[in-house]
Amino acid sequence: MADRTVLAGARVVLPTGIVENGRVIVEGGRISGSTPEDTPTLDLTGHWVVPGFVDMHNHGGGGASFTSGTVEDILTGVHTHRLHGTTTVVSSFVTGDMDFLTQRAGLLSELAEQGDIAGIHFEGPFISPCRKGAHDETLLRDPEPAEVRKLVDAARGQAKMVTLATELPGGIDSVRLLAEHGVIAAIGHTDATYEQTVEAIDAGATVATHLYNAMPGLGHRTPGPIAALLEDERITVELINDGTHLHPASLELAFHHAGAERVAFITDAMDAAGFGDGHYMLGTLEVEVKDSVARLVEGGSIAGSTLTLDRAFKRAATIDKLPVESIVQAISANPARLLGLDDKVGSLEPGKYADLVILDERFDVKGVMRRGAWVAPPQLG
Numbered sequence: 088m089a090d091r092t093v094l095a096g097a098r099v100v101l102p103t104g105i106v107e108n109g110r111v112i113v114e115g116g117r118i119s120g121s122t123p124e125d126t127p128t129l130d131l132t133g134h135w136v137v138p139g140f141v142d143m144h145n146h147g148g149g150g151a152s153f154t155s156g157t158v159e160d161i162l163t164g165v166h167t168h169r170l171h172g173t174t175t176v177v178s179s180f181v182t183g184d185m186d187f188l189t190q191r192a193g194l195l196s197e198l199a200e201q202g203d204i205a206g207i208h209f210e211g212p213f214i215s216p217c218r219k220g221a222h223d224e225t226l227l228r229d230p231e232p233a234e235v236r237k238l239v240d241a242a243r244g245q246a247k248m249v250t251l252a253t254e255l256p257g258g259i260d261s262v263r264l265l266a267e268h269g270v271i272a273a274i275g276h277t278d279a280t281y282e283q284t285v286e287a288i289d290a291g292a293t294v295a296t297h298l299y300n301a302m303p304g305l306g307h308r309t310p311g312p313i314a315a316l317l318e319d320e321r322i323t324v325e326l327i328n329d330g331t332h333l334h335p336a337s338l339e340l341a342f343h344h345a346g347a348e349r350v351a352f353i354t355d356a357m358d359a360a361g362f363g364d365g366h367y368m369l370g371t372l373e374v375e376v377k378d379s380v381a382r383l384v385e386g387g388s389i390a391g392s393t394l395t396l397d398r399a400f401k402r403a404a405t406i407d408k409l410p411v412e413s414i415v416q417a418i419s420a421n422p423a424r425l426l427g428l429d430d431k432v433g434s435l436e437p438g439k440y441a442d443l444v445i446l447d448e449r450f451d452v453k454g455v456m457r458r459g460a461w462v463a464p465p466q467l468g
C-alpha cells in the first residue's frame with residue numbers, strides 16, 4: 088500500500104464515541120492527524136472501522152501451539168489470529184515442567200523482542216488441583232515466590248501475566264512479587280474463598296483469569312471469588328464470549344457489575360482456532376475438538392476454545408446486544424491498558440500504530456491493517 092492513505096466514510100469508533108462518516112488517516116505505519124490533499128482515499132461507506140483487537144490470553148491457532156510449537160508454528164498461530172482482527176497477541180502457556188517452561192520462555196521472549204508477540208502469559212503451573220481444568224495435575228505446584236521468579240526471569244522482561252491460585256502456599260507473597268516486577272498477577276484456576284480473594288486483590292492482583300470458569304460458583308452464603316472479583320474496581324475480568332464458556336446472562340452480569348471499563352474479552356484459544364475439528368495436544372493432554380468445542384479426551388473438561396476475537400465481537404454485538412463502544416473497550420482498549428501498551432495500540436488516535444479492523448454491517452471482518460500494512464486486504468464487494 089501507499090505510505091499514506093485515508094480511510095473515509097465509515098463509522099469510526101474513537102475513545103470519545105462513534106463518528107459517522109469518519110476518517111482515519113494512515114501515514115508511515117501510524118495514525119496521523121492531518122494529510123495532504125492528494126492522499127489516496129479508500130471509501131468505506133457502510134462499514135465500521137475499529138481498533139485492532141488485543142488478546143491477552145491465547146494459547147495458539149492455525150493448528151499451532153504457543154506452548155510447544157516451533158518458531159514457525161508460533162508465527163503461523165499469530166498470523167491466523169491477525170487475519171481475524173487480533174493485531175496484538177500475548178502468547179499463553181499451559182502447565183508444564185519448570186525446565187520446559189523456562190526454556191520456552193526464552194524462545195518466546197525473542198519473538199516478543201522482535202514485536203511478533205506482545206509478551207508471555209504463564210497460565211500454570213501455580214494453580215489449584217481442584218480447579219485445574221485442562222492442565223496436567225501431575226505438574227502442578229504451589230506458587231512459591233522463588234519458583235514464580237524463575238519463570239519471570241526466564242522471560243527476560245517479556246512476562247506480562249501469571250495466573251495463580253492465590254490461596255495456595257506462597258500465593259500472596261507471589262502476588263506481591265509480581266506486582267513489584269510490573270507483571271500482572273491474575274487470579275484463576277482457583278478454589279479461593281471470598282475472603283482469600285480479597286486478600287489477593289489487596290496484595291496487588293489486578294486480573295481475573297476467565298471469570299466464572301475454573302473457580303467456585305457464586306453462592307448466597309459462600310460468595311467465593313466471583314463476587315470479590317466483580318465488585319472490586321481494581322480488577323479487570325477476562326471473559327470468553329464463545330457461547331460455550333459462558334451463558335449470556337453471566338456475561339450480562341459481569342458487564343453490569345464491572346462495567347465495560349473492567350472487562351477484557353479473550354479467546355483462551357488453542358491450536359484448533361481458525362483450523363478445524365480433530366485431535367490436538369494441549370500441553371501433555373490430548374484434546375478432541377468437535378463442532379468447534381475443545382474438550383479433554385480423558386474426563387471431558389473444556390480445554391480452551393477455538394474462538395477468534397472477531398467472533399467474540401460479532402456475538403457481543405448481535406446476540407448480547409452490547410453497545411459497539413463497549414465492545415471496543417473490552418476487546419482493544421482495556422487489554423492494551425493492562426499490558427502497558429495503550430500508548431501504542433488499543434484505540435484509533437494520532438501517533439499510535441495504524442492497527443485497525445474493517446467490519447461490515449453484519450460485523451464480519453472485511454479487512455485488517457497492522458502497523459499500516461494490510462494483513463487482510465479490504466474485501467468491499
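Each step along the sequence shown adds one to the number in the working numbering, with nothing skipped, and position 113 is 200.
All C-beta atoms in this analysis are idealised placements derived from N, C-alpha and C, irrespective of residue type, glycine included.
Fair warning: this is a prediction, and the values are worked out from it, not measured in the lab.
Burial state of residue i, where buried means 16 or more other Cβ atoms lie within 10 Å
| i | result |
| --- | --- |
| H222 | buried |
| S121 | exposed |
| E200 | exposed |
| E30 | This structure does not reach residue 30, given that the chain is present from 88 up to 468, and the question cannot be answered. |
| H334 | exposed |
| V158 | exposed |
| M88 | In this prediction, M88 scores a pLDDT of 45, lower than 50, which makes its location untrustworthy; the coordinate-derived value is nonetheless stated afterwards. Label assigned to M88: exposed. |
| V384 | exposed |
| R457 | buried |
| A336 | exposed |
| W135 | buried |
| D142 | buried |
| Q416 | buried |
| T103 | exposed |
| P312 | buried |
| G370 | buried |
| H168 | buried |
| M302 | buried |
| R191 | buried |
| P127 | exposed |
| P437 | exposed |
| H171 | buried |
| N108 | exposed |
| T393 | buried |
| G202 | exposed |
| G386 | exposed |
| G391 | buried |
| H307 | exposed |
Sheet register partners of residue i (DSSP bridge)
| i | result |
| --- | --- |
| L369 | L372 |
| V432 | Per DSSP, none; premise fails for V432. |
| A95 | R110, D130 |
| S196 | Answer is none; S196 lacks a bridge partner. |
| M357 | Paired residues: none, contrary to the question. |
| A381 | V376 |
| G556 | Residue 556 lies beyond the range of the chain shown here (88 to 468); nothing can be said about it. |
| A463 | V455 |
| A246 | I207 |
| F352 | L326 |
| V176 | D142 |
| S392 | A356 |
| I271 | M248 |
| L425 | Per DSSP, none; premise fails for L425. |
| I445 | V136, G454 |
Spatial neighbours of residue i in its chain, beta-carbon cut-off 6 Å, leaving aside the 5 residues before and after
| i | result |
| --- | --- |
| D364 | V376, K377 |
| S196 | A242, R243, Q245 |
| M248 | H208, I271, A273 |
| L149 | Note on identity: in this sequence residue 149 is Gly, with Leu being the wrong assignment. Only T163, G164, T167, G361, F362 meet the Cβ criterion. |
| D429 | A423 |
| E254 | A279, Q283 |
Cβ neighbours of residue i in the same chain (closer than 8 Å, five flanking residues each side left out)
| i | result |
| --- | --- |
| I105 | R98, V99, V411, E412 |
| A75 | Because the chain spans 88 through 468 in this model, residue 75 falls outside it and cannot be assessed. |
| K237 | M185, T189 |
| P464 | G454 |
| H276 | E210, G211, I214, S215, R218, K219, G220, H222, T250, A252, T296, A301, M302 |
| Q466 | K453, G454 |
| S419 | V137, P138, G139, F140, V141, V432, G433, S434 |
| K439 | R117, I118, D430, K431, V432, G433 |
Same chain only: Cβ atoms within 7 Å of residue i, ignoring 5 sequence neighbours per side
| i | result |
| --- | --- |
| R424 | G433 |
| I414 | F400, A403, A404 |
| L338 | L326, N328, D407 |
| A441 | V113, G116, R117, I118, M456, R458, G459 |
| L316 | I274, T284, A295, L298, I322, V324 |
Please list the segments of the beta strand (DSSP E) lying wholly inside the region 273-345, counting only runs of 3 or more residues, in order along the chain.
323-327
Enumerated in chain order, which unbroken segments of the beta strand (DSSP E) with a length of 3 residues or greater are wholly contained in the region 198-244?
207-210
Cβ contact (3+ pairs, closer than 8 Å) linking the region 390-402 and the region 225-242
no
Pairs of beta-carbons, one from the region 144-161 and one from the region 351-360, closer than 8 Å: are there three or more?
yes
Please give me, in chain order, every unbroken run of the alpha helix (DSSP H) with length at least 4 that falls completely inside the region 112-170.
158-170
Tell me, please, whether the region 185-193 touches the region 213-220 by the rule of three or more beta-carbon pairs shorter than 8 Å.
no
Examine the Cβ distances between the region 339-351 and the region 171-182 and report whether three or more of them are shorter than 8 Å.
no
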